[in-house]
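Here is the structure we will look at, set down as structure tokens.
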Amino acid sequence: MTPSHLTRTGAAALAACALAWTAGCGVGGDPDGMREATREATRTGRVAGPITFRTLQLKPAFTAYVEGVIDAFEQKYPDVKVTWEDVPGDGYNEKLVADAQAGALPDVVNLSTDSFQLLGDRGMLADVARLDPAAAQDYVPGAWEQFKLPGKGDGVYAYPWYVTPEILTYNKELFAATGLDATRPPTTVEQFFDYAEQIAARSQGRYAAFMADPKGRLPGDWQKMGVPILNDGRDRFTFDTDKAVAWVQRMKDLYAKGAMPRESLLKADDVNQLYGSGKIVFGPGSPGFVRDVKRNAPQVYAGTQVAGAVTGTLGHIGIYAQSLGVKRSTEHLDAAAEFAKWVTNGPNQVAFARSATIYPSNAKGLEDTYFSDRGDGTDAETVARAVGAEQLRTAQLDANTLVQWTNQVGDAVVREVQKAILGEQDPRTAVRRAQEEANRLLVRANAGGR
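Each residue of the sequence shown is one higher than the one before, starting from 1 at the first, in the working numbering.
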């Protein structure tokens, strides 16, 4: 399991299913199953009965951990029997859709912010804020807010589980070699581009600032800059703005000046290899990346610095979040809700995080010294863990890929942006054409793929 095991490709398949739900998304629809899936269960006051618990790709690495959590819960509640099923990443989203249509969702199910929205929008998940009004204080606000739904008030439709925030990773020696102050890293998208321009000008081609990777940068950069991605009805893309055009123009200029490896615009270069060999200044914004550098490139790791994530005019960062949803129609609501809370409590989240490069969404768990101790400030992995935790406690964590930004939409936008960066069309035309194609794909998806 990695913090990105639900890939954008997977999210795209999920979104396609969400938008083409009435078409069945490749599986037979079952109206009776759908009605059963949205039937609302009620608490009985008795934590008892058999429940199923589905996770995504945790076996075999975390088998002992999960089984230990289940055993401890069953000891506390001897009238509950938890059946754990772990499924591979491939086809996970399609399986969720098929099970939902058939009324066969597990009682407690591992969801990302994308898959949670798919099921929550269709009334298949219990409102845990209503079931357990005091639960909000148990989780960091940014994670709790991730699992609200537009237009559904203060309802929260999943218990936050493990999370991974953005951070900034950079080679402080290369940074300083271009005349920049390694103690003052960029804090906004605009400043990040300013620094990249200076790196390109002064490195004289010896190294670049960052990977081009428009697909990885969008829509996150635009969201941080305040570009409106969707209209209020969430049925039309609206990113064709001066800010988006300025972003494309800046990327074009930086690419021409050598701020990015030229090959990284059109193909996925190995960023670990390039950073590990001192060919780029900024690495991916992931605590897991820092661990990889420590393992594979110790010399570069010694010069690696970690800081808070690059944000934007809104001060927002992205977050990769996983949650546990409770099936609204579960026959044993008390058992399912208590188990989801159990898995996501402070001690259990901390134990999980100590064996994986993830963070607890549980507020008390995040207070553990494991996440607050920076050591002497020289070990990048230790600092990364503390920086990520600091951001999670207070940050607005909403610069995430929207369900409507499917893999097909992302590809369409990137194709037009790449043409502009290469000088094959002007940035304004690129953004206009990108929005037109994105909306065409969205309308088609809303019409059931016809």
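We put the CB at the ideal spot given by N, CA and C, even for glycine. Just so you know, these numbers come straight off a predicted model, no measurement behind them.
{"Item": "Proximity of Ala158 and Gly365 at Cβ, strictly below 7 Å", "Value": "no"}
{"Item": "The stretch 103-120 contacting the stretch 49-64, beta-carbon criterion three pairs below 8 Å", "Value": "yes"}
{"Item": "Unbroken stretches of the alpha helix (DSSP H), 4 residues or longer, contained in the stretch 34-83", "Value": "63-76"}
{"Item": "Bridge partners - Leu230, DSSP secondary structure assignment", "Value": "Phe237"}
{"Item": "Residue burial classification, Gly220 (beta-carbon count within 10 angstroms, cutoff 16)", "Value": "buried"}
{"Item": "Alpha-carbon spacing of Val227 relative to Lys252, whole angstroms", "Value": "18 Å"}
{"Item": "Reduced DSSP secondary structure (H/G/I, E/B, other) of Val306", "Value": "strand"}
{"Item": "Residues near Val383 in its chain [Cβ-Cβ closer than 7 Å; skip 5 each side]", "Value": "Val306, Arg374, Gly377"}
{"Item": "Pair within 7 Å by beta-carbon distance, Ala209 and Val281", "Value": "yes"}
{"Item": "C-alpha distance - Pro287 paired with Pro360, whole-angstrom precision", "Value": "14 Å"}
{"Item": "Test item: CB-CB of Glu166 and Ala309 under 7 Å", "Value": "yes"}
{"Item": "Three-state class that DSSP yields for Ala196 in the structure shown", "Value": "helix"}
{"Item": "Among Ala340, Glu367, Glu381, the one whose alpha carbon lies nearest that of Thr357", "Value": "Glu381"}
{"Item": "Assigned exposure category for Gln223 - 16 Cβ within 10 Å defines buried", "Value": "buried"}
{"Item": "Local Cβ density within 10 Å of Asn348, reported as buried at 16 or more and exposed below that", "Value": "buried"}
{"Item": "Beta-carbon spacing of Lys172, Gly303 below 7 Å", "Value": "yes"}
{"Item": "DSSP-derived helix/strand/coil call for Phe282", "Value": "strand"}
{"Item": "C-alpha gap between Glu437 and Asp242, whole angstroms", "Value": "18 Å"}
{"Item": "Nearest candidate by alpha-carbon position, reference Tyr65, set Trp247, Leu96, Ala353, Asp292", "Value": "Ala353"}
{"Item": "Best match in Arg184, Leu392, Arg440 for proximity to Gly452 [C-alpha to C-alpha]", "Value": "Any answer about residue 452 is impossible in this case: the structure gives the chain only from 1 up to 450."}
{"Item": "Beta-carbon spacing of Tyr92, Leu56 below 7 Å", "Value": "yes"}
{"Item": "Inter-stretch contact (C-beta, 8 Å, three-pair minimum) for the stretch 175-182 and the stretch 192-208", "Value": "yes"}
{"Item": "Cα-Cα separation between Gln322 and Ala420, rounded to whole angstroms", "Value": "35 Å"}
{"Item": "Start-to-end residues for the beta strand (DSSP E) that takes in Leu168", "Value": "167-171"}
{"Item": "Which of helix, strand or coil DSSP assigns to Val140", "Value": "coil"}
{"Item": "Sequence ranges, beta strand (DSSP E) only - wholly within the stretch 94-142, length at least 3", "Value": "108-112"}
{"Item": "Rounded C-alpha distance that separates Asn446 from Gly151", "Value": "19 Å"}
{"Item": "DSSP-derived helix/strand/coil call for Gly216", "Value": "helix"}
{"Item": "CB contact flag (Arg432, Asp235, <7 Å)", "Value": "no"}
{"Item": "Local Cβ density within 10 Å of Asn296, reported as buried at 16 or more and exposed below that", "Value": "exposed"}
{"Item": "For Lys148, the residue or residues it bridges with in DSSP", "Value": "Val156"}
{"Item": "Close-in-space but distant-in-sequence residues of the same chain around Lys81 (CB under 6 Å, 5 per side omitted)", "Value": "Pro50"}
{"Item": "Residue burial classification, Gly142 (beta-carbon count within 10 angstroms, cutoff 16)", "Value": "buried"}
{"Item": "Status (buried if at least 16 other CB within 10 Å, exposed otherwise) for Asp181", "Value": "exposed"}
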